[in-house]
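Written below as structure tokens is the structure these notes are about.
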Amino acid sequence: MAEGRTFREESGSWEPNAVVCTLEGQQEVAFCVGDDVPALVTDRNGSIWVAYGDEGIYGGHPESAGGLAGWNTTGRAIWTPEGRLPDAPLEGCTAATEDDRVWLVWYSGSNRGGTFLTRITPSTGEVTSWPSPVRDPDGFAVRGRRAVFTRRVHNRRSTEVVRAELVDDTWNVTERCKMRVPGRVVMRCGQGRDGFLWLRAGDTWLRIEV
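Under our numbering, the sequence shown has 11 at position 12, and the numbering climbs by one with no breaks.
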């Protein structure tokens, strides 16, 4: 579990905003995973992957400043971009896992702008990024060379569903549709797990297959 914001204490340390629990729901450890967290996902090993927002990137927390970061279950930063991104991140959008890989979706703050899909393979350290075919999605899931995105219609009971395919190293849109959902779609409501997008609409979780 994690909260989106944290604050610096008088001692100079940052307040914990993430909790690791046992399967029985008992707290094991609490620590800070950076400030301003709009997108977060955990991988199969329990590591935590974060795409930060602008207030975190420019807010003084050292790991948030990189735009993206990976953490282990004891609160130690284990991955940073180190100049391997196509642009400087400004805001995280959503996140997903696919087998042992992690995907973080974010947009940049430069003049050329754009939304990007960054795939990280923790076991090898490989980092690959592509321009996203959908601007600022709030949900994303991927399986192989196919992906699904969602973009909410603010405070309404509908969302746009976009399907895409990777062809010649470019993600191309193959289908767009509006989907009626049982409740209002809110911000930070979607997360992808191994080819399925879990989307929260009101009090209901929807599962959309890639």
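Quick reminder that beta carbons are idealized off the backbone N, C-alpha and C, glycines included.
From a predicted model like this one, the values you see are computed outputs, not experimental measurements.
Please classify I77 as buried or exposed, where buried requires at least 16 neighbouring CB atoms within 10 angstroms. Numbered from 1 along the sequence shown, position 78 holds the residue referred to as residue 77. It counts as exposed.
Going by DSSP, what residue range makes up the alpha helix (DSSP H) through E208? Numbered from 1 along the sequence shown, position 209 holds the residue referred to as residue 208. Run containing E208: none in the alpha helix (DSSP H); it sits in the beta strand (DSSP E), 203 to 208.
Just reading off the beta strand (DSSP E) that E159 is part of, what are its end residues? For the purposes of this step, residue 159 is taken as residue 160 along the sequence shown, with counting starting at 1. Following the DSSP letters along the chain, one finds E159 inside the beta strand (DSSP E) bounded by residues 157 to 166.
Suppose you measure from the CA of W197 to the CA of N154; what does that come to, to the nearest Å? Looking up residue 197 in the sequence shown gives position 198. Looking up residue 154 in the sequence shown gives position 155. Here the C-alpha atom of W197 lies approximately 18 Å from the C-alpha atom of N154.
Confirm, please, whether the CB-CB distance from C92 to V101 is below 8 Å. Indexing the sequence shown from 1 puts residue 101 at position 102. Indexing the sequence shown from 1 puts residue 92 at position 93. Contact: no.
Select from F30, V133, S109 the residue whose C-alpha is nearest the C-alpha of E174. What you label residue 174 is simply residue 175 of the sequence shown in a count that begins at 1. Comparing Cα positions, the closest option is V133.
When you compare the CB positions of G74 and F30, do they come within less than 8 Å of one another, or not? Within the sequence shown, residue 74 is the residue found at index 75, counting from 1. Within the sequence shown, residue 30 is the residue found at index 31, counting from 1. Yes. Within cutoff.
Please work out which residues of its chain come closer than 8 Å, Cβ to Cβ, to W204, disregarding the five sequence neighbours upstream and downstream, and give them in chain order. On the sequence shown, residue 204 is found 205 positions in, with the first residue counted as 1. So the qualifying residues of the chain are W197, L198.
What separation, rounded to the nearest whole angstrom, lies between the Cα atoms of V147 and H60? Here residue 147 is taken as the residue at index 148 of the sequence shown, counted from 1. Here residue 60 is taken as the residue at index 61 of the sequence shown, counted from 1. The alpha-carbon atoms of V147 and H60 are separated by roughly 32 Å.
Is the distance from the Cβ of R183 to the Cβ of R142 below 8 Å? To locate residue 183, count along the sequence shown from 1; it is residue 184. To locate residue 142, count along the sequence shown from 1; it is residue 143. Not a contact, by the Cβ cut-off of 8 Å.
Take R162 and list the residues in its own chain whose beta-carbon comes closer than 6 Å to its own, dropping the five residues that flank it on each side. Within the sequence shown, residue 162 is the residue found at index 163, counting from 1. Result list for R162: V147, T173, E174, in chain order.
Give the DSSP bridge partners of R111, in chain order. Here the question's residue 111 lines up with position 112 in the sequence shown. R111 is bridged by DSSP to nothing; it lacks a bridge partner.
Report the rounded CA-to-CA distance for L39 versus A94, giving the unit in angstroms. The residue you call residue 39 lines up with position 40 of the sequence shown. The residue you call residue 94 lines up with position 95 of the sequence shown. Straight-line Cα distance between these residues: approximately 6 Å.
To the nearest angstrom, report how far apart R43 and D98 are at their CA atoms. Taking the first residue of the sequence shown as 1, we reach residue 43 at position 44. Taking the first residue of the sequence shown as 1, we reach residue 98 at position 99. Going by the C-alpha atoms only, they are around 8 Å apart.
With a threshold of 8 Å on Cβ separation, who are the neighbours of L28 within its own chain once the five nearest residues in sequence on each side are excluded? Working through the sequence shown from its first residue, we reach residue 28 at position 29. This sequence places Val at residue 28; Leu is not what is there. The beta carbon of V28 lies closer than 8 Å to those of V18, V19, T72, T73, G74 in the same chain, with the five residues before and after it left out.
Have a look at Q26 and L89 and give me their C-alpha separation to the nearest angstrom. By 1-based counting over the sequence shown, the position of residue 26 is 27. By 1-based counting over the sequence shown, the position of residue 89 is 90. About 32 Å.
Cutting at 7 Å between CB atoms, please list the residues of its own chain near G201, excluding the five before and the five after it. Stepping through the sequence shown from its first residue, residue 201 is reached at position 202. The answer, listed in chain order, is P181, G182, R183.
Taking the alpha-carbon positions, what's the T21 to R111 distance? By one-based count along the sequence shown, residue 21 stands at place 22. By one-based count along the sequence shown, residue 111 stands at place 112. C-alpha of T21 to C-alpha of R111: approximately 44 Å in a straight line.
Which two residues bound the contiguous beta strand (DSSP E) that contains E8? Numbered from 1 along the sequence shown, position 9 holds the residue referred to as residue 8. Where E8 is concerned, there is no enclosing beta strand (DSSP E), given that its DSSP letter is neither H nor E.
In the DSSP output, what is R150 paired with across the bridge? Here residue 150 refers to the residue found at position 151 when the sequence shown is read from its first residue. R150 pairs with E159.
Return the chain-ordered list of same chain residues with a C-beta closer than 6 Å to the C-beta of L165, the five sequence neighbours on each side being excluded. Against the sequence shown, residue 165 aligns to sequence position 166. Within its own chain, the residues whose Cβ lies closer than 6 Å to the Cβ of L165, once the five positions on either side in sequence are excluded, are R144, listed in chain order.
Strand pairing of T93, partner residues [DSSP]: Looking up residue 93 in the sequence shown gives position 94. In DSSP, T93 forms a bridge with V104.
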